[in-house]
Each structure stands twice: as structure tokens, then as C-alpha cells.
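Basically the numbering used here = 1-based index in the sequence shown + 53.
Here's the structure we're looking at; comments come further down.
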Amino acid sequence: MFGSVLHLPFLAVSAAPDATCSVLEKLDGVQCYGLEKDDMPDAEACMEACCRDTSCEVWQFNPMFACYRGKSSVCMRSGDSFASGSVGERLRGSAFAGNGIHWFGRQQNYAELVDLDPEAFGPRELVIQGLDGESYRLWRNGARLEVDISCWSNSRHPQGCCDWPRTPTPPRPCWGDAGMAEHCCKDGVSADRKFLYNVYTRTTPFLSHAELAYFERLLPEEKINEANFNASRTRWASGWHPPDLLCPSASMAIDGQRATVDASTVLWPLAVLLAAHMQITGTFVNIGAGTCLPPDPLYQLLASPEGYGFLGLAVEGDATRLKRCEVEMASTFATVVPVHLTLNPIDAVHQLLPFLGAMFPEALPPWPLDFLVVDIDGVDCLVVEELMQLVRPKVMQLEIAFHFPPPFRFSMHWDSEKSPRWNDEYDIDRLNPVSGCSLSYALHKFKMPGNYVREWFYAPHPATAFSRIWSNISSLNKEIGREDVPFTLDF
């Protein structure tokens, strides 16, 4: 749960119910933030404990989790498994309904904006597997592309390629250049003449035009339109400011009723539609798979006859939840390979490359994946950006931070020093509303058409809301102990 600023144990109270204890609002199927965990066996006991405690305003119970109670002014629908199975009530205090908008702090203007130069990231690198056990390392810096090949492969090894003493036969020509042979035979083996598989030799000068064009497509040059870039700069910013505006949870209601989100039925009809109109590979990657149970987007597909023959990866950093996923998926029609990994955008390609290579043993990347699902409550869009080097999914599902409305482009970023620690501290029951990315960021990065999501057409100019959104992000980051986390917000 999203913890309050001050955490105190619940005090012992009298057994007599308080006279003011009455149901003001039903809170079934939502998640209320700021509550404290209380070990109660069922919903009735949870309600009675809140009723006896005059400081308790809201209670919620989910049999898979626990009883949570206390004070909360933010209750909203959520795709989290806690919300999908929760029941609860507001017994005291004021519900947001009818109270309008709550204001906090003051509006500010921000000047600490720094230009983000796309070339500032320096060289880029991509490693791909060949058909003979070799690997290729592509290195790109601006217009310059270099291709290195691993010294050794299934058919190229020191015993047959190097002129060593006591070698029974003369070495065969394994490379097209004497310098390559000398480098590999000298630096590609250890002192005790063991293979060193991470040693490469430069092969760019010996590539044909067709081969070079192929590698160019895999790691293309990022050409920048300087005029457009100067006219519309992407910018970085950092810092903390008091929150300005929070939207009431009542605005999440549909026809006066709170809505729940269950994504487990989303991809099944799409799979049926795809299979009827195009050739599919029957493959998927589910990053942040959790237990693989609803509301996981792939659950219904994999548990249905239409999922027969599907092969894919369930990637999850929590070993306990991944084990539950493995048990549950064993009874489905699909083959689900559990992968215990916590992905990050710096290493995502190298982390998943061996698993994806095993799924597509007879092809080179980018591989024709059917479904890519990413829900890691963090740098989701950044991980997807990196994985697009390896796969071309027909359908991609992301958990969008819908509370950053279009046209604002927001994304959490990766801090190489602090983000691993934040991952270790991750609690699935505690919402981090400033993680992931916004719809406009995803549309911008993945070049999706955005004209059909223009609900904001009649909204005021984005500049009028910029500081409000900015202050909410920075304040919430400070509250959860991530005061200096980097992020992007522009429009």
C-alpha cells in the first residue's frame, strides 16, 4: 500500500462500536492509499476493527493480501491484483465525491531546464548471434559503423585455425586476413589454451555491400534534423516542489459507479483476430509477469484452447511470485518458460538475448514476436525501447500512467547507482504513481498514431497544467524516498 508520512501502530480501543460508525461509501474493487496493514482474518473482522477505532475512516480487505485500514483521501481503480479482489468501506471522514478539487501548495514556474542533446549518449552497441555459433558486435558512433566478429564459432576453433607447436596438421585459413588470424590465435585463448569466447576481431573492411547494408538496418544511424530539434527541444529537469493539484478519485467513476480494471481478457481476442488474418509465430514475452494470474493480460489466451502451441517467457524479479506463475502455467495449453530476472534499460538486451535466441533458433534479430507485455512499475518504456533492437512485436501492451494526460510526455528514467536499490525495495502492494510512462510519451517513442486519443482537445493550453503536473511528480518522489529520481516531462 502507498504508506502515509507518519506510521504508528494501531492503539488498543474499547470493544464497543462507535456511534458514528456507518457506511458512507462502498470501496469494492478499488485501492485506497495511505492505509496501514492490520492482521485480521476476514472482511467482517477488518470492518469491526475499523468501526471500534475512532481514528479509522476507511477499511479494505483482500483475502490474498490482508486487512488495511486507517485514513485515505485517495481511492481509485487499479490494475493491481489487490484492487481486483478487494472489498471495503468508508465509515468516517469525507469522501471525495461532492468535495470537488483539493488544492495543495502553490503554483510555480520552473527555470532549471537543461537541453537534452541526442548525441550526448555517445556510441551505441549491439550484439547478435550468427548461424554458426559466432556472435557479431556492432558499434555505432554517429555515421560510423564498425562490425566485429567473435574469434571462435562451431567451425572455427584454435586447434584447426592456429599454427601452434605440436599441431598435427597445418592450420587452415579461418579468416580472410592474416592480422585477424594473428589477433585471435594470440588474444583469443588463455594461457592454458582454453577458448576465450568474448574476444572479437574487426571484420568491417571485409564485408560485402549487402552484408554491410544488413548491419546498417540493425543499428541505423540516428540522423537529427537540427532545425526541428532546435525548434522543439526535448528537455530534462530535476528538483522538488510542493504539489499543486490532485484530481479526486470520484472522477474515475463511470455512470456514478467505480470501475475496475481486468486486463486478462484483452489479448485473447486479438490473438484470434491475428491468427485469422496473418501468419503468427505463437510467441510472447511477458515482462513483470508476477503470478501470471488475472489480471495478467496473457492469462486468458494461454489458458484457452487458442493458446495451444504458444511459446514464451514469463520474466519476473520476485522468485516467490514467479514460482506461483510456473505452477499455474503448467496446467495451461502453452509452454511458458520462467525467467528470474529484473530487467533494466542498460542491460535488457544482453539479459534477454539468450532466451529469445533459443525461441528463434533459425533466425537473426529482430525476431517476429507476437505479443510483448511489459508491466514492471518502473522504467517500462525505456526497457521496451531497448528490446525493440531484438523483437518486432505485432501487439505491444504497456501499463500507461494515465494520470499524466495527453499531450504531456512523461517517463521515469534509470539511475545506474540508485535504481537497483529502489528495485530491491519494491513493494507490489505500494503504488508508485510516478513510475512508467504517459500515453503521449509512448505514442511519441513508438511512433503510434495519436489522432484517435485526442480527448484533451477542449482542454486549456498544456502550459497551464505543466507546473501542476511537475510539482505532483517531484513531491510524490520525495514522499517515497526518491527525491532526486530523474524523469522527463514535456509536451
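Cβ coordinates follow ideal geometry from the N, Cα and C atoms, glycine included.
Fair warning: this is a prediction, and the values are worked out from it, not measured in the lab.
Separation of residue j from residue i, as counted between CA atoms
i, j, result
"alanine 356", "threonine 344", "14 Å"
"leucine 272", "proline 419", "11 Å"
"aspartate 543", "serine 528", "18 Å"
"methionine 331", "aspartate 423", "11 Å"
"glutamate 187", "lysine 247", "17 Å"
"isoleucine 154", "tyrosine 189", "Only weak support exists for where isoleucine 154 lies, its pLDDT of 33 falling under 50; the value from the coordinates is given anyway. One C-alpha to the other measures close to 57 Å."
"valine 436", "phenylalanine 457", "19 Å"
"serine 261", "threonine 254", "17 Å"
"methionine 441", "methionine 412", "16 Å"
"threonine 373", "aspartate 433", "22 Å"
"tryptophan 112", "asparagine 485", "21 Å"
"valine 390", "serine 75", "49 Å"
"threonine 395", "glycine 365", "17 Å"
"aspartate 216", "leucine 191", "29 Å"
"cysteine 99", "cysteine 120", "6 Å"
"aspartate 477", "valine 325", "38 Å"
"aspartate 537", "histidine 466", "11 Å"
"glutamine 404", "glycine 87", "36 Å"
"glycine 241", "leucine 249", "5 Å"
"phenylalanine 135", "asparagine 115", "6 Å"
"glutamate 264", "alanine 383", "42 Å"
"cysteine 227", "alanine 234", "7 Å"
"cysteine 490", "lysine 239", "48 Å"
"methionine 129", "leucine 496", "25 Å"
"serine 203", "glutamate 269", "19 Å"
"phenylalanine 363", "isoleucine 333", "10 Å"
"proline 539", "alanine 401", "19 Å"
Buried versus exposed, by CB contacts within 10 Å (16 or more), residue i
i, result
"asparagine 525", "buried"
"valine 380", "exposed"
"proline 350", "buried"
"proline 94", "exposed"
"alanine 367", "buried"
"tyrosine 494", "buried"
"asparagine 194", "exposed"
"glycine 213", "exposed"
"valine 444", "buried"
"methionine 117", "exposed"
"glycine 82", "buried"
"serine 125", "buried"
"glutamine 310", "With a pLDDT of 45 at glutamine 310, under the threshold of 50, the modelled position of that residue is not reliable, and no figure is offered here."
"arginine 535", "buried"
"phenylalanine 510", "Note that phenylalanine 510 has pLDDT 39, beneath the 50 cutoff, so the model's placement of it is unreliable and the number below is only indicative. Answer is exposed; the Cβ neighbour count stays below 16."
"glutamate 369", "buried"
"alanine 232", "In the sequence on display, residue 232 carries glycine and not alanine. Exposed, because fewer than 16 other Cβ atoms sit within 10 Å of the Cβ of glycine 232."
"tyrosine 361", "exposed"
"glutamate 415", "exposed"
"tyrosine 352", "buried"
"proline 176", "exposed"
"threonine 108", "Threonine is not the amino acid found at residue 108; the sequence shown has serine there. By the 10 Å Cβ count, serine 108 comes out exposed."
"aspartate 106", "buried"
Contact check, residue i vs residue j, beta carbons under 8 Å
i, j, result
"arginine 145", "glutamate 97", "no"
"leucine 80", "arginine 143", "yes"
"cysteine 85", "valine 127", "yes"
"phenylalanine 455", "leucine 417", "no"
"isoleucine 453", "glycine 341", "no"
"proline 348", "serine 208", "no"
"valine 427", "leucine 451", "yes"
Bridge partner(s) assigned by DSSP for residue i
i, result
"threonine 336", "Leu364"
"leucine 191", "Leu179 and Val200"
"aspartate 185", "BP columns for aspartate 185 are empty, so no partner."
"arginine 105", "Note: arginine 105 sits in no beta bridge, so no partner."
"lysine 90", "Tyr121"
"lysine 79", "Glu142"
"leucine 542", "Phe463"
"glutamine 84", "Met129"
"glutamine 113", "Tyr121 and Gly141"
"valine 392", "Val368"
"arginine 445", "BP columns for arginine 445 are empty, so no partner."
Distance between beta carbons of residue j and residue i, contact taken as under 8 Å
i, j, result
"phenylalanine 461", "isoleucine 522", "6 Å"
"glutamine 182", "glycine 410", "5 Å"
"valine 180", "threonine 257", "The Cβ separation is near 15 Å, so there is no contact."
"serine 206", "aspartate 185", "5 Å"
"leucine 425", "proline 407", "At roughly 17 Å, the Cβ-Cβ gap does not stay under 8 Å, so leucine 425 and proline 407 are not in contact."
"serine 469", "threonine 541", "17 Å between Cβ atoms; not a contact."
"leucine 320", "leucine 354", "5 Å"
"proline 358", "phenylalanine 386", "6 Å"
"leucine 323", "valine 448", "6 Å"
"asparagine 397", "serine 472", "7 Å"
"alanine 196", "glutamate 274", "6 Å"
"glutamate 438", "lysine 498", "6 Å"
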